[in-house]
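As structure tokens, the structure follows; a few thoughts come after it.
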Amino acid sequence: MPTALIIGASRGIGLELVRQYVVDGWRVIATARDDAGRDRIQALGAQCLRVDVANPISVSSFEWMLDGEKLDLALYVAGVIDHNAANTPPTKDAFDRVMHTNVMGAMMVIPQVAPMVEAADGVFACISSVMGSLQGTRSSDAALYRISKAALNMVVRTSQPEYPRLRMVAMHPGWVQTEMGGANATLTPEQAVTRMRQTLAHIKPEQAGQFLSYDGSTIAW
Ligand SMILES: NC(=O)c1ccc[n+]([C@@H]2O[C@H](COP(=O)([O-])OP(=O)(O)OC[C@H]3O[C@@H](n4cnc5c(N)ncnc54)[C@H](OP(=O)(O)O)[C@@H]3O)[C@@H](O)[C@H]2O)c1
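For the sequence shown, the numbering used here gives the first residue as 20, with consecutive numbering after it.
Structure representation (structure tokens):
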């Protein structure tokens, strides 16, 4: 039975990933920050760990909590958005919240978890966004979020060479109907996650370190 680790799974895309992998027969370990999230994860039949990726004390015990697991798949899904454009200076709180969650958390998780994924010759995907594409950016809407996802993409690029047996990708999940994506998004979580899972199941070694969309197409950095 393959094992998946889903980091940031209390709701939205992460929770749907938990649901679909459990239905598909995987053993799933997922993380939440509060009791309500834990209950939703456990109700789907997954094991839940309590991790706040923006809190270094919380996230630094992740390796210990996982205790030598071999992971076929790890997904860094946790993320937050700030909607201000580039003509509005970020508050320190907004900067810290977005950059700690979207970037620092990934940088703290990867060294702890990547060796467990390498042990299974597995895949590690960081859920990024097309809004982090430097080449694709024509707007300053949600500037801090865009900057954080561009930085997350560089986390993937810089981490991949350290873990040569790992296939590590940055993945855009599509525009998805979640609290972050809003009701007008084009994809339901079920649709997005179905395509993401198909793509993740077929990541080739030559795609390691790439920026992929949920449908498997390559996105320009
Ligand atoms: N929805 C879209 O259209 C879209 C498009 C492109 C990229 N994305 C990316 O996809 C990922 C999931 O987004 P979503 O749409 O599912 O958003 P969401 O519904 O707002 O869910 C965000 C998830 O991240 C978790 N999280 C936030 N801060 C965290 C922290 N400090 N520690 C641990 N977990 C934390 C939340 O947990 P709590 O319940 O504890 O807050 C929640 O499970 C994000 O990285 C987002 O940037 C989404």
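Built from N, CA and C at the ideal position, the CB exists for glycine as well. Small disclaimer: the values here were computed from a predicted structure and weren't measured.
Asked                                                                                               : Found
Leu163 versus Gly27 - alpha carbon distance                                                         : 20 Å
Proximity of Met126 and Leu85 at Cβ, strictly below 8 Å                                             : no
Contact between the segment 98-115 and the segment 47-59 (3+ Cβ pairs under 8 Å)                    : no
Leu34, DSSP secondary structure in three states                                                     : helix
Same chain, Cβ closer than 7 Å to Glu181, five either side skipped, listed in chain order           : none
Closest by C-alpha distance to Gly124, when choosing among Asn74, Ala239 and Ala23                  : Asn74
Top-ranked residue by Cα proximity to Asp43, from Asp58, Ala65, Arg52 and Ser29                     : Ala65
Any non-hydrogen atom of ligand 1 within 7 Å of Asp160 CB                                           : no
Unbroken beta strand (DSSP E) run spanning Arg184, endpoints                                        : It is not in any beta strand (DSSP E) - Arg184 carries neither H nor E in the DSSP assignment.
Reference Ser29, options Val212, Ala23 and Gln61, closest by Cα                                     : Gln61
Check whether Arg186 and Ala227 have beta carbons under 8 Å apart                                   : yes
Simplified DSSP assignment, three categories, for Met20                                             : coil
Coarse secondary structure for Gln39, derived from DSSP in three states                             : helix
Residues near Arg216 in its chain [Cβ-Cβ closer than 8 Å; skip 5 each side]                         : Leu36, Gln39, Tyr40 and Asp43
Residue environment, Met237, which counts as buried when at least 16 other CB atoms sit within 10 Å : Before going on, a small fix: residue 237 reads as Thr here, not Met. The residue in question, Thr237, is exposed, as its Cβ has fewer than 16 Cβ neighbours within 10 Å.
The segment 152-163 in contact with the segment 194-201 per 3-pair CB rule at 8 Å                   : no
Short Cβ contact (8 Å threshold) for Leu171 with Val99                                              : no
Identity of the residue in Lys168, Pro130, Arg184 and Ser79 nearest Ser148 by Cα                    : Lys168
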